[in-house]
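Residue numbers (full-length UniProt numbering): 1 to 346. Note that the Cβ used here is the ideal one computed from N, Cα and C, for glycine as well. Notes follow once the structure below has been shown.
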Amino acid sequence: MFIPNKLVQTALVARDRSVDWLLQHIDSDGRPVDCETRTGWSRLGWGLSIAGQPAAASAVVNWAAKHRIAENGDYLPGFMQGQSYISQYANYWLGTFVVSAWMAGSYDIAMRSMAYLASQQDPVHGGLPTRLDSGNHPAGICDVLSTAQVGLSALITGQLDVADKVYLWLKGLLAVQPSAHSFYMFRQGEDVWRTPDPAFSWAAIVPFDQPRQAFYGPGMAAVFLARYAHIRHRPEAVELARSFLRYNMNGTQEQFTDIESVQACKFGWAVGVMHQADPQGGWGKWLAPMTKWFIDRQDPQGWWGPSRFADSNPSYSDRLVKTSEHLMEITALISALSAGTSEHEA
């Protein structure tokens with residue numbers, strides 16, 4: 001009989017607690033709570049599917065397809081009020097919905113939105129555009145979050161031409177990084193976006209030697225690259241993933257010790273994925289600390305929320321966003337902890 005070790009057992013309890021909380025906030029027809037003006041549901045089908053809740057996952061995906069997704073596969077307008085962190089990265093979030101629909105078995109829904117995203121890809125450089133608010137922003141700005149997630153969605157749905165272009169965009173992004181300590185999240189053509197609007201700079205230029213920053217970009221890139229390396233038989237993509245993750249590993253320890261911050265969540269996800277894609281890469285030493293990182297930040301009721309230093313009273317939509325995300329990420333760590341020899345606690 002398979003008996004998981006103590007840490008995995010604790011992580012499974014946290015995972016199941018989050019699933020219970022999510023199910024309590026979804027109606028029987030799949031309608032999520034707090035969805036009138038918000039879009040916190042995009043990753044629900046993904047998280048619920050990998051947690052063994054196919055009925056709920058399918059219900060949410062089909063509710064969304066009927067009520068929130070347009071004929072062309074994009075979001076219907078009007079459901080991103082007060083959510084600049086979602087509206088600016090709408091291609092990222094739509095990419096998560098593609099995975100939700102695919103994993104729920106709604107392949108037609110997934111492919112409709114994937115086709116829309118493919119039509120948005122920069123045909124020259126391969127990035128996915130950031131949907132910046134109206135203002136004096138230059139054209140052609142693409143971000144690592146949207147690009148890498150859409151690349152992952154493309155791998156999952158078999159759109160390998162899209163994934164190949166994403167790989168080249170990420171390779172180019174890393175090549176033009178001007179600093180080993182500050183990570184530039186956006187490309188403008190061949191170069192990084194060096195002069196973002198001050199109001200947008202927190203999400204655009206990330207000083208990894210300072211606390212409470214947007215530490216998630218390299219992890220998102222690494223997850224795509226690790227999967228791309230195996231699916232496309234490109235081992236050099238693993239080395240590229242390592243290079244992205246060095247920003248986290250060489251950055252401030254407050255990424256991991258600040259209990260009010262969840263900005264390093266995608267590093268945890270990447271650790272789980274890299275431990276399996278790059279088993280000799282030393283990722284095992286990160287598995288236990290990052291698993292505990294998620295457990296320590298979970299509310300006793302089962303939900304996860306955004307960084308408390310930025311939002312101490314999150315809406316239900318924000319809780320749906322983070323709970324469905326962290327559910328998926330801690331599951332990747334649970335899989336990695338059980339995948340073979342590593343340097344974690346028994």
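> Between the Cα of residue 328 and the Cα atoms of 300, 338, 268, which residue gives the shortest distance?
Replying inline: The residue given as residue 328 occupies position 328 in the sequence shown. The candidate whose alpha carbon is nearest that of residue 328 is 268.
>> Excluding the 5 residues flanking residue 229 on each side, which residues of the same chain have their C-beta closer than 7 Å to its C-beta?
In response: The sequence position of residue 229 within the sequence shown is 229, counting from 1. So the list reads 235, 237, 238, 277, once near-sequence residues are dropped.
>> Based on DSSP bridge pairs, tell me the residues matched to residue 186.
In response: Your numbering for residue 186 matches position 186 in the sequence shown. Answer is 143, bridged to residue 186.
>> Can you find the residues in the same chain that come closer than 6 Å, C-beta to C-beta, to residue 24, ignoring five residues on each side of it along the sequence?
In response: Within the sequence shown, the letter at position 24 stands for residue 24. Once the five neighbours on either side are set aside, residue 24 has no close Cβ partner at all.
> Between 290, 167, 322, 197, which lies nearest to residue 122 when the distance is taken from Cα to Cα?
Replying inline: Residue 122 sits at position 122 when you count from the first residue of the sequence shown. Closest by alpha carbon: 167.
> What is the rounded straight-line gap between the Cα of residue 214 and the Cα of residue 252?
Replying inline: By one-based count along the sequence shown, residue 214 stands at place 214. By one-based count along the sequence shown, residue 252 stands at place 252. Distance between the alpha carbons of residue 214 and residue 252: 12 Å.
> Do residue 347 and residue 97 have their CB atoms nearer than 7 Å?
Replying inline: The shown model of the chain, from 1 to 346, leaves out residue 347, and the question about it has no answer.
>> Buried or exposed, going by whether 16 or more other CB atoms sit within 10 Å of the CB of residue 294?
In response: Here the question's residue 294 lines up with position 294 in the sequence shown. It is buried - the Cβ of residue 294 has at least 16 other Cβ atoms within 10 Å.
> What's the call for residue 196, buried or exposed, on a 16-neighbour Cβ count within 10 Å?
Replying inline: Along the sequence shown, one-based indexing puts residue 196 at 196. Label assigned to residue 196: buried.
> Using a Cβ-Cβ cut-off of 6 Å (strictly less than) and excluding sequence neighbours within five positions of residue 67, which residues of its own chain qualify?
Replying inline: To locate residue 67, count along the sequence shown from 1; it is residue 67. Answer for residue 67: no residue qualifies.
> residue 346: buried (16+ other C-beta within 10 angstroms of its C-beta) or exposed?
Replying inline: For the purposes of this step, residue 346 is taken as the residue at position 346 of the sequence shown. Note that residue 346 scores a pLDDT of 40, beneath 50, so its modelled location is shaky; the value from the coordinates is reported in the next line. Residue 346 is exposed by the Cβ-count criterion.
> Counting Cβ pairs closer than 8 Å, one from the segment 95-113 and one from the segment 170-179, do we hit at least three?
Replying inline: no
>> Can you give me the C-alpha to C-alpha distance between residue 90 and residue 1, rounded to a whole angstrom?
In response: Residue mapping note: residue 90 aligns to position 90 of the sequence shown, counting from 1. Residue mapping note: residue 1 aligns to position 1 of the sequence shown, counting from 1. Rounded to whole angstroms, residue 90 to residue 1 spans 44 Å at the Cα level.
> Should residue 186 and residue 247 be called a contact, given that it needs their Cβ atoms to be closer than 7 Å?
Replying inline: As a working mapping, residue 186 is identified with position 186 in the sequence shown. As a working mapping, residue 247 is identified with position 247 in the sequence shown. No; because the gap between Cβ atoms is not below 7 Å, this pair is not in contact.
>> At the level of alpha carbons, what is the spacing between residue 301 and residue 120?
In response: The residue you call residue 301 lines up with position 301 of the sequence shown. The residue you call residue 120 lines up with position 120 of the sequence shown. Cα-Cα distance, rounded: 39 Å.
> Straight-line CA distance for residue 75 to residue 149?
Replying inline: In the sequence shown, the residue the question calls residue 75 occupies position 75. In the sequence shown, the residue the question calls residue 149 occupies position 149. Near 16 Å, if we compare the C-alpha coordinates of residue 149 and residue 75.
>> For residue 92 and residue 310, I'd like the C-alpha separation in whole angstroms.
In response: Counting from 1 along the sequence shown, the entry for residue 92 is found at position 92. Counting from 1 along the sequence shown, the entry for residue 310 is found at position 310. Going by the C-alpha atoms only, they are around 21 Å apart.
> Count the other CB atoms within 10 Å of the CB of residue 338; is the residue buried (16 or more) or exposed (fewer)?
Replying inline: In the sequence shown, counting from the first residue as 1, residue 338 sits at position 338. When all chains shown are included, residue 338 counts as exposed.
>> Does residue 218 pass the burial test, meaning 16 or more other C-beta atoms within 10 Å, or should it be called exposed?
In response: Position 218 of the sequence shown, counting from 1, holds the residue named residue 218. Buried, since its Cβ has 16 or more Cβ neighbours within 10 Å.
> Which residues share a DSSP beta bridge with residue 207?
Replying inline: Position 207 of the sequence shown, counted from the first residue, corresponds to residue 207. Its beta-bridge partners are 182.
>> So residue 101 and residue 110 are supposed to be a Cβ contact under 8 Å. How far apart are they, rounded?
In response: Position 101 of the sequence shown, counted from the start, is the residue given in the question as residue 101. Position 110 of the sequence shown, counted from the start, is the residue given in the question as residue 110. Rounded, the Cβ-Cβ distance is 4 Å, consistent with contact.
> In angstroms, rounded to a whole number, what distance separates the CA positions of residue 37 and residue 316?
Replying inline: In the sequence shown, counting from the first residue as 1, residue 37 sits at position 37. In the sequence shown, counting from the first residue as 1, residue 316 sits at position 316. Those two C-alpha atoms are separated by around 12 Å.
> So the alpha helix (DSSP H) residue 257 belongs to, where does it begin and stop?
Replying inline: Here residue 257 refers to the residue found at position 257 of the sequence shown. Unbroken alpha helix (DSSP H) run through residue 257: 254-257.
> Which one or two residues does DSSP pair with residue 164 in a beta bridge?
Replying inline: Within the sequence shown, the letter at position 164 stands for residue 164. Residue 164 is not bridged to any residue.
> In angstroms, rounded to a whole number, what distance separates the CA positions of residue 351 and residue 283?
Replying inline: The chain is shown only over 1 to 346; residue 351 falls outside these bounds and no answer can be derived.
>> Which residue marks the beginning of the alpha helix (DSSP H) containing residue 296, and which one marks its end?
In response: For this step, residue 296 is matched to residue 296 along the sequence shown. Per DSSP, residue 296 belongs to the alpha helix (DSSP H) from 284-296.
>> What does the alpha-carbon distance come out to for the pair residue 190 and residue 125?
In response: Position 190 of the sequence shown, counted from the start, is the residue given in the question as residue 190. Position 125 of the sequence shown, counted from the start, is the residue given in the question as residue 125. Each residue's Cα considered, the two are about 8 Å apart.
> Taking buried to mean at least 16 other C-beta atoms within 10 Å of its own C-beta, is residue 73 buried or exposed?
Replying inline: Looking up residue 73 in the sequence shown gives position 73. Answer is buried; the Cβ neighbour count reaches 16.
> Name the DSSP bridge partner or partners of residue 197?
Replying inline: Reading the sequence shown from its first residue, position 197 is the one you call residue 197. Residue 197 is not bridged to any residue.
>> Using CA atoms only, rank isn't needed, just tell me which of 143, 46, 212 is closest to residue 88.
In response: On the sequence shown, position 88 is the one that residue 88 refers to. For the residues 143, 46, 212, the minimum Cα distance to residue 88 belongs to 143.
> To the nearest angstrom, how far is it from the Cα of residue 14 to the Cα of residue 139?
Replying inline: The sequence position of residue 14 within the sequence shown is 14, counting from 1. The sequence position of residue 139 within the sequence shown is 139, counting from 1. Approximately 43 Å, taken between the alpha carbons.
> Which term fits residue 18, buried or exposed, when burial requires 16 or more other beta carbons within 10 angstroms of its beta carbon?
Replying inline: As a position in the sequence shown, residue 18 is number 18, starting the count at 1. It counts as buried.
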